[in-house]
Each structure stands twice: as structure tokens, then as C-alpha cells.
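Per this note's numbering, the sequence shown starts with residue 2, numbered consecutively. Where is the CB? At the ideal position from N, CA and C, for every residue including glycine.
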Amino acid sequence: MFDAGKFVDEQVKTLRGDLKGRAIIAASGGVDSTVCAALVSRAIGDRLLAVYVDTGFMRKGETATVDGMLKRLGVNHIVVDASAEYFVALKGVIDPEKKRKIIGEKFIRVFEREAKKFGAECLVQGTIAPDWIESGGGLRDTIKSHHNVGGLPAEMNLRLVEPLRDLYKDEVRKVARALKIEVAEKQPFPGPALAIRVMGEPTPESVAIVREACSIVEEEIEKAASAGKMKLPWQYFAVLLPVKSVGVQGDIRAYGFTIAVRAVDSVDAMTAVYSKIPHDVLETISSRIANKMKDKVNRVVYDITNKPPATIEWE
Ligand code: XMP
2 MFDAGKFVDE QVKTLRGDLK GRAIIAASGG VDSTVCAALV SRAIGDRLLA VYVDTGFMRK
62 GETATVDGML KRLGVNHIVV DASAEYFVAL KGVIDPEKKR KIIGEKFIRV FEREAKKFGA
122 ECLVQGTIAP DWIESGGGLR DTIKSHHNVG GLPAEMNLRL VEPLRDLYKD EVRKVARALK
182 IEVAEKQPFP GPALAIRVMG EPTPESVAIV REACSIVEEE IEKAASAGKM KLPWQYFAVL
242 LPVKSVGVQG DIRAYGFTIA VRAVDSVDAM TAVYSKIPHD VLETISSRIA NKMKDKVNRV
302 VYDITNKPPA TIEWE
């Protein structure tokens, strides 16, 4: 049986011995990186700098929320707005693996910049077991390059420290609860963020559409779950498809994009089953999305594929 308390004590001790200088961590506000930041912060205090990068692909209100949460946790941190750089780097890029590589590489460059300013020698990452298992190498096939693995350039100038490398998601949540971290129950969110929920080029406009749709999906599903209508799925979000279809608004022809709603149940993200969401909840999501973005989206579909054969994210 995994003992979260013991894991915390052992890791803090190991990290204290291992990290003699300064370290930097990419803090996204997700469970993995927050647990990592809290562990390392316990071990070395303000010799850790957590860097939250606003890539421009974050969800609604996410930057302010994460900033507040890290403050309350007492983790030494900064917020870097790199959104302009990210949009330029991804101009014209539609291939999912290319997106992941570019985003991963840029992450490292931004960190290297901040690390230099801070005088850090180590880069701490919240990589967990499924990240490196699915990223391939050796005998394994590359399913998708998780940004914190596949995107790492070979000539990186920082020593990599990955305290959660051997843990699965459910174990990370146990550690989060042991550390009393507010985001312990938060659904996972991929490192490349909304950029991989736009099928096609992530532009400020396309990301704004999927950001609004994701926010509606989260709001409605959380509302339905707290009203006891359904169980909160393990993960739930929206994806913007590059497919345009014909619709009608009043008596005017419309030609707009399609949003796919995805909600799954899983334990460790290695397999997943689609959530059997009540139809009235799906209907509310659909009409809210289409009403809010009348001129852009006129069709909403629900993804009923398990993993395998699909993956949880679409890219
Ligand atoms: P897939 O789509 O491979 O996702 O079934 C499994 C879980 O991992 C999340 N995910 C990521 N997490 N960096 C991350 O930290 C990534 O690049 C990444 N890609 C996917 C995904 O949201 C799901 O929870």
C-alpha cells in the first residue's frame, strides 16, 4: 500500500540532501507540479523559485487563481507572461507532435532564462509515470510526447530533478491530500494546455473559442455533480474541431465550427471510459456554447470513445 506521509518525509529528506544550490520549477497550478513545488519548497524554502508561465493557452481565470494558490501555499514564485512568444512560435503549426515539441522547447527556454536570473542549477519537474511511459523510448512506442518529456532538448543546461517520476495520478493525489494542497482534487490539465485542444493552428481567436467552451463544460458538469445529478468525471473539457458545418440561426444560414465535449473516468490515465453524462446536462452545455459563440460555433458533439482506442486528449 502506498503511504503518502512516508513518501513526503522521505522525499523532503532526499531533496534536502540532493539540492544544495537553487532550483527552479515549472508551476502550472496542476496537482503534479503543485505537489512537487510544495515538496521542494519544504526541503529548501526560498532557494526554490516556482515559475508560472502564462503561455496564452491557459483556461479562463487560471493565471490569477494559480498565483493566489501558490501565495497561500507559501511557495516562492513568479508569473511570466510569454503568450506573445508562444503564438509566434506556433504560427502555422497544426501537427500535434510539432506543437508539443515547440511548446516543450519554449518552456525550457523560458525557464533557462529565469533560471539564469535566479542562479538556479536544477530544474524540478512534476513528471509522473504515465508521462514517460507514453512518451516512448526503448521498447515502447511514442503515443504522444508529453511536453515535460518529449519536448526536452538534449542540450538543456539544467540538471533535471523529478520527485514524482514513479508515481501514478492516484498516488500523487494522496500526496497532495497529505500536504493539504487545495488543488488535490482538481482535474488534470495537459502541459501544452489549450493549444492541444484546438485541432489546427492555435491562434488567439481559436484559443479564445475553446477557452470559453471549456469553461462552460466545467461549469455545467460541476453544477450537475454538486446537485447530485451525476458523478464528477475524472476529466472533462472541450475541443475545437477544424470542421465547419452548415447550421441555421433564425432563418439565416450559418457556417460555423464544431466543438467536441469530452468527459472520461479513469484511475491513472492509462485507460479511460467515456462518462455517461445525463442528456439534459449535455443539452445545456450544447445550447450555452452555441448561444455564447453564435457567429463561430453552430454544432456541439459528444465524444463516446474509450481509451484505448482513443486517448483522453485529442492531440
Ligand atoms: P492522453 O491524452 O495521453 O492523456 O490519454 C493522459 C492524461 O495526461 C494528460 N496529458 C498531459 N499531461 N503533459 C501533461 O502534464 C502533457 O503533455 C499531457 N498530454 C496529456 C491528459 O490531460 C490526461 O489526463
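Do you know offhand how far V9's Cα is from R254's? 59 Å
The ligand XMP and T362: does the residue's C-beta get closer than 6 Å to at least one heavy atom of that ligand? Residue coverage of the chain in this structure runs from 2 to 316, which leaves residue 362 outside it and unanswerable.
Per DSSP, G169 is paired with what? The sequence as given places Tyr at residue 169; Gly does not occur at that position. Its beta-bridge partners do not exist; DSSP assigns none.
Give me, in chain order, the residues of the same chain whose beta-carbon lies closer than 7 Å to that of G120; leave out the 5 immediate sequence neighbours on both sides. R23
On the CB-based measure, 16 or more other CB atoms within 10 Å of its CB, does F112 come out buried or exposed? buried
Here's the rule I'm using: 16 or more other beta-carbon atoms within 10 Å means buried, otherwise exposed. How should D132 be labelled? buried
Does DSSP put A27 in a helix, in a strand, or in coil? strand
Would you report the Cα separation of L180 and Y169, rounded to the nearest angstrom? 17 Å
Straight-line Cα distance separating Y256 from L165: 46 Å
Strictly under 7 Å for the Cβ-Cβ distance: is E314 near chain C by that measure? Among the chains in the structure shown there is no chain C, since it carries only a single protein chain.
Which of helix, strand or coil DSSP assigns to T272: coil
If you follow the alpha helix (DSSP H) that P97 is in, where does it begin and where does it stop? 97–119
Alpha carbon of I95 to alpha carbon of G18, nearest angstrom: 44 Å
Would you please state the rounded distance, in angstroms, between the beta carbons of R1 and S216? I believe it to be under 8 Å. Past the boundaries of the shown model lies residue 1; the chain is included only from 2 to 316, so the question cannot be answered.
Specify, as a first and last residue, the run of the alpha helix (DSSP H) that R289 falls within. 280–293
Compute every distance between the C-beta of A261 and the non-hydrogen atoms of the ligand XMP, then say whether any falls below 6 Å. no
Using the rule of at least 16 other Cβ atoms within 10 Å of the residue's Cβ for burial, across every protein chain shown, is F190 buried or exposed? buried
Should M2 go down as buried or exposed, given a rule of 16 or more other Cβ atoms within 10 Å for buried? exposed
Buried or exposed (CB count within 10 angstroms, at least 16 for buried), T272: exposed
Taking the continuous beta strand (DSSP E) assigned at L242, which residues delimit it? 236–250
Figure out for me which residue from R174, V298, K224 has the closest Cα to the Cα of Q250. V298
Based on DSSP bridge pairs, tell me the residues matched to C123. A24, R160
DSSP-derived helix/strand/coil call for G46: helix
Just checking G192 against the ligand XMP - is the residue's beta carbon closer than 6 Å to any of the ligand's heavy atoms? yes
Tell me which residue opens and which closes the alpha helix (DSSP H) that V13 is part of. 5–19
Would you mind reading off the limits of the beta strand (DSSP E) that contains I260? 253–266
Could you compute how far the alpha carbon of I313 sits from the alpha carbon of E98? 16 Å
When the distance is taken between beta carbons, is V32 closer than 7 Å to A177? yes
Can you tell me which of Y87, A214, A5 puts its alpha carbon nearest to the alpha carbon of K295? A214
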